[in-house]
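Protein chains: 2
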Amino acid sequence: MKKKVTLKQIARELDVSVSTVSRALADSKEIGEDTRRRIQAYAKFLNYKPNNIALSLKNKKTKTIGVLIPEIVHHFFSTIIRGIEIVANQRGYNVIVGLSNESFSKEVLNMEMLANGSIDGFVLSISKETLLQQDYHHFNETINQGIPIVMFDRVVNEVECDKVIVDDFSGSVKAVKKLIANGCKHIGLITTMDYVSVGRLRTQGYLRALEESQMYAEPNLILKLDDMGALEDNLDILETEIEQFFKKNPEIDSIFAVNELYAVTAMKVAKKLGYDIPCDIQVIGFTDGVLSKHASPSLTIVSQHGQKIGEKAADLLIDRLELNDDETESNHNEKPKKQTFETVVIETEIIERESTK
Amino acid sequence: MKKKVTLKQIARELDVSVSTVSRALADSKEIGEDTRRRIQAYAKFLNYKPNNIALSLKNKKTKTIGVLIPEIVHHFFSTIIRGIEIVANQRGYNVIVGLSNESFSKEVLNMEMLANGSIDGFVLSISKETLLQQDYHHFNETINQGIPIVMFDRVVNEVECDKVIVDDFSGSVKAVKKLIANGCKHIGLITTMDYVSVGRLRTQGYLRALEESQMYAEPNLILKLDDMGALEDNLDILETEIEQFFKKNPEIDSIFAVNELYAVTAMKVAKKLGYDIPCDIQVIGFTDGVLSKHASPSLTIVSQHGQKIGEKAADLLIDRLELNDDETESNHNEKPKKQTFETVVIETEIIERESTK
DNA sequence: AATTTTAACGGAAACGTTTGCGCTCAATTA
DNA sequence: TAATTGAGCGCAAACGTTTCCGTTAAAATT
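Same order as they appear, the protein sequences are chains G and E. Just so we're aligned, residue 1 is where the first sequence starts under the UniProt record's numbering, counting upward by one. Just so we're aligned, residue 1 is where the second sequence starts under the UniProt record's numbering, counting upward by one.
#1: Taking the beta strand (DSSP E) that Val159/E falls in, what are its first and last residues?
#2: Quick one: does Met111/G have its CB under 8 Å from some CB of chain E?
#3: Since Asn101/G and Lys357/G should fall inside the 8 Å C-beta cutoff, what is the C-beta to C-beta distance between them, to a whole number of angstroms?
#4: Return the Cβ separation of Gly121/G and Ile147/G in integer angstroms, given the expectation that the two are a contact with Cβ distance under 8 Å.
#5: In terms of DSSP beta bridges, what is Val302/E paired with?
#6: Given a threshold of 16 other Cβ atoms within 10 Å of its Cβ, counted over all protein chains shown, does Gln12/G qualify as buried or as exposed?
#7: From the DSSP secondary-structure annotation, give me the bridge partner or partners of Met151/G.
#8: Tell me the DSSP secondary structure of Asn333/G in three-state form.
#9: Under a CB-based cut-off of 8 Å, is Pro336/G close to chain E?
#10: Please tell me whether Gln145/G has its Cβ less than 8 Å away from any Cβ of chain E.
#11: Does the Cβ of Leu313/E have 16 or more other Cβ atoms within 10 Å, making it buried, or fewer, making it exposed?
#12: With DSSP run on the structure shown, which of helix, strand or coil describes Thr62/E?
#13: What did DSSP end up calling Gly171/G once you bin it into helix, strand or coil?
#14: Assuming Asn110/E is part of the alpha helix (DSSP H), what are its boundary residues?
#15: Throw me the rounded Cβ distance for the Ile119/E and Ile84/E pair, which I believe falls under 8 Å.
#16: Among the candidates Arg353/G, Arg320/G, Val345/G and Asp325/G, whose CA atom is the shortest distance from the CA of Gln339/G?
#17: By alpha-carbon positions, which one of Ala257/E, Glu354/E, Val283/E and Val97/E ends up nearest to Pro70/E?
#18: For Glu322/G and Leu132/G, what's the separation of their Cα atoms in angstroms?
#19: In the structure shown, what three-state DSSP assignment does Ser292/E receive?
#20: For the stretch 213-254 of chain E, list the beta strand (DSSP E) runs that are entirely contained and at least 3 residues long, ordered along the chain.
#21: So, with DSSP's three-state summary, where would you put Val21/G?
#22: Could you tell me whether the Cβ atoms of Tyr206/E and Phe256/E are closer together than 8 Å?
#23: What does the alpha-carbon distance come out to for the pair Ala41/G and Pro50/E?
#24: Measure the C-alpha to C-alpha separation of His75/E and Lys163/E and round it to an integer number of angstroms.
#25: Comparing alpha-carbon positions, which option in Ala115/E, Tyr136/E and Leu55/E lies nearest Gly117/G?
#26: Can you tell me the Cβ-Cβ gap for Val283/E and Met267/E, rounded? I've got them flagged as a contact below 8 Å.
#27: Name the residue from Thr20/G, Thr203/G, Asp236/G and Leu261/G whose alpha carbon lies nearest to the alpha carbon of Asp34/G.
#28: If you drop the 5 nearest sequence neighbours on each side, which residues of the same chain put their C-beta closer than 7 Å to that of Ile281/E?
#29: Check whether chain G comes within 8 Å of Arg91/E, counting only Cβ atoms and requiring the distance to be less than that.
#30: Of the residues that make up the UniProt domain "HTH lacI-type" (5-59) of chain G, which ones have a beta carbon closer than 8 Å to any beta carbon in chain E?
#31: Can you name the residues of chain E whose CB is closer than 9 Å to the CB of Thr79/G?
#32: Please tell me whether Leu316/E and Glu342/E are closer than 8 Å, where the distance is taken between their beta carbons.
#33: Let me know the secondary structure DSSP gives Gly199/G once reduced to three states.
#34: Which residues bound the alpha helix (DSSP H) around Ile84/E?
#35: Whose Cβ in chain E lies nearer than 8 Å to the Cβ of Gly117/G?
#36: Whole angstroms is fine: what's the gap from Glu158/G's alpha carbon to Tyr93/G's?
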């Protein structure tokens, strides 16, 4: 077992000092032509690679970004990680992931773990429990320690930082208006409880679209579901809820669902009840999932472009990290740099498939 | 912006030495009752947390495990990451992920990046390109540097390390025998090219099941597809291939598919051709995906228990890491500890749904 | 009273880097 | 010939810890 080779080792065996080796490998002009070559050759021979940890300690930066998400077994979030990973790697950063599992305490714990030197900045999406409790102190404390945060998708006004969101509102407006344009008169909405901002925004988009089309928003046609707990596990509950919904409102001619699961389940129930899709009932879901493409009929969706979200979030974070570098290096004048934060909106796109006319 | 508080800072402000602070916080008996209390109180007040990077440098261990997977937007892999993350966190480790994107060079690059001090060990699944090229030097070099590796799912005999695999072979045998028991006489197999070991094993399982049931394996009934490239993107190609397959072999009464996409696509095509599932054609897929549950009819599968795979892999890795600790600390006798590696097989389970009788 | 023990703490090395500064020796300049 | 320059290299500090080894003074032993 060959142990990792260090500068000290090379220095000893070549009978020079550690600093000479360091400089030689950095191609410093201060080192003589021949010794430089000698050292470089020997280092290459030993396959020397500098120790990242030592560099991190010295440079006070780890070149690592922490990603904190509520759940990873979820197409949307894994797509985002992919986006983050791509630009991070390309810009010389590593990605370390933490899962909050929608729990406040795990979110706090994970942040504290990673904030103690392991990472340079965070990209995160807030857990449901945190949103419910509305306790955001850990975010602000982290930012106060000089560790920048970029939030995506589930964001919150109480924390000042860069954000990347989806145009939930106007995406929903577009979707519902498409249903209206397709001749739908009684558009059902299947949505979640209000505490997650995205659900609320999508609901508002639904209402706005109706309003702008001089249509009356019937309270009956709105089904609010509590998605706390394991959604995937009690599918049958979901199905019966939706079935009740259809039976109570036979006039329904279309469904707008705020996530993929609701949409495909609605289709399944509708088919079971004898409706034809899209003739009797048209369906649009808000999602970035894999179910929609393979459902039968395939589902028309408002696509969220998860990868783009991840890429943009990583870019924002790294931009800020490297901007901070420049500041601390060059202008030490205490001119309080106006801390201006950006909120980038990633456009949604309607992908038409078989569930709409 | 409050900068991170260090031992040195506390020491200065309390007019003691750094070592005293360090010991006081470690509850060392060497420090007097009162100073100990004083220091602990002040540290708690300042919310002192030790710097992970400094600790890593000192202890020569990072308490971080590197996970290298071919792709993250994939239910199977994200489930595994979840499993890894759960036990890692619980045992005090962090998880840093790298994506090879099925590319050999990205796999090598990622390993080199992380191997330079960033992580204590790897959990990985080999990229397709690497399997094709059969170049495994980076794995062996990493192991030689003293960094343990645990491979999962896509493993290879050429590398000696702990492994976690699925019983692909016997899982397939079980599945095909179930079809046979259900009265199927002409079982079609939809599989991949042979270079990924799991595909080959599942194919062999299919053959064995037929053999053991004294049934003849018809070459026509085996469809081998090349899944290089973006599977999801050319769904239509996949569909036409499968459609041809059905048309050429009208006697087919069931399908065993080695992955979820093949299985659900086969169902879709079958339905389009007028077959009834499961009456005319029964389908079983080998998978750990989300499509199967929501397909209509829902798909009977051989489940792989991805999370368990991840958990077991992480446990194996951490076990070995902490075993190495004990060795180097206590018995320095050069008795060459017999390096014995384990290959754990995670049992599959057939989950019966609507696509079989 | 002289010695040993012990409690309580500080100094410094170490982990692997980078880098400012100083040193030496030769070459150039005055 | 004496002084200045510069090339080429080493020393040591620094990053934040932990820990071995002192050191000091008081307490306990003889």
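The beta carbon of each residue, even a glycine, is placed where N, CA and C say it ideally should be. All values derive from a computational prediction rather than experimental measurement.
Well, looking at it:
#1: Going by DSSP, Val159/E is part of no beta strand (DSSP E) at all; its letter is neither H nor E.
#2: No, Met111/G does not count as interfacial toward chain E.
#3: Not really, about 40 Å apart at Cβ, beyond 8 Å.
#4: The C-beta distance from Gly121/G to Ile147/G rounds to 6 Å, short enough to fall under 8 Å.
#5: Val302/E pairs with Phe286/E and Ile350/E.
#6: Note on residue identity: the sequence assigns Arg, not Gln, to residue 12/G. Exposed, by the Cβ-count rule.
#7: As a beta-bridge residue in DSSP terms, Met151/G pairs with Leu124/G and Lys163/G.
#8: Below a pLDDT of 50, predicted positions are generally treated as unreliable, and Asn333/G, at 44, falls in that range; the measurement from the model is reported next regardless. If DSSP states are grouped into helix, strand and coil, Asn333/G belongs with coil.
#9: Low per-residue confidence applies at Pro336/G: pLDDT is 44, beneath 50, and the placement is therefore not dependable, though the value from the model is reported in the following sentence. Contacts with chain E at 8 Å (Cβ-Cβ) do not include Pro336/G.
#10: By this cut-off, Gln145/G is an interface position.
#11: In the sequence under discussion, the amino acid at residue 313/E is Ala, which differs from the Leu named in the question. Classification of Ala313/E: buried, given that the 10 Å Cβ count is 16 or more.
#12: The DSSP-derived three-state label of Thr62/E is coil.
#13: Here Gly171/G sits in helix by DSSP.
#14: Counting along the chain, the alpha helix (DSSP H) containing Asn110/E begins and ends at Phe104 to Ala115.
#15: With a Cβ gap of about 13 Å, Ile119/E and Ile84/E do not count as contacting.
#16: That would be Arg320/G, whose Cα lies nearest to the Cα of Gln339/G.
#17: Nearest C-alpha to Pro70/E: Val97/E.
#18: Glu322/G and Leu132/G: Cα-Cα distance of roughly 34 Å.
#19: Here Ser292/E sits in helix by DSSP.
#20: With a minimum length of 3 residues, the continuous beta strand (DSSP E) runs that stay inside the stretch 213-254 of chain E are 222-225.
#21: Residue state, collapsed to three classes: helix.
#22: A Cβ-Cβ contact shorter than 8 Å links Tyr206/E with Phe256/E.
#23: So the alpha carbons of these two residues sit roughly 39 Å apart.
#24: Those two C-alpha atoms are separated by around 20 Å.
#25: Nearest option by C-alpha distance: Leu55/E.
#26: Taking a contact as a CB-CB distance under 8 Å, the pair Val283/E and Met267/E counts as one, their CB atoms being some 5 Å apart.
#27: When only C-alpha atoms are compared, the closest one is Thr20/G.
#28: Cβ neighbours of Ile281/E beyond the five flanking positions: Ile252, Asp253, Ser254, Ile255, Ala270 and Tyr275.
#29: Answer no: the Cβ-Cβ gap between Arg91/E and chain G never drops below 8 Å.
#30: For the UniProt domain "HTH lacI-type" (5-59) of chain G, the beta-carbon criterion of a distance under 8 Å to any beta-carbon of chain E is satisfied by Lys49, Pro50, Asn51, Asn52, Ile53, Ala54, Ser56 and Leu57.
#31: In chain order: Ile72 and Val73.
#32: Against a cut-off of 8 Å, the Cβ pair of Glu342/E and Leu316/E comes out as a contact.
#33: Shown here, Gly199/G sits in a helix according to DSSP, grouped into three states.
#34: Counting along the chain, the alpha helix (DSSP H) containing Ile84/E begins and ends at His75 to Gln90.
#35: By Cβ distance, chain E contributes Lys4, Asn51, Asn52, Ile53 and Ala54.
#36: So the alpha carbons of these two residues sit roughly 28 Å apart.
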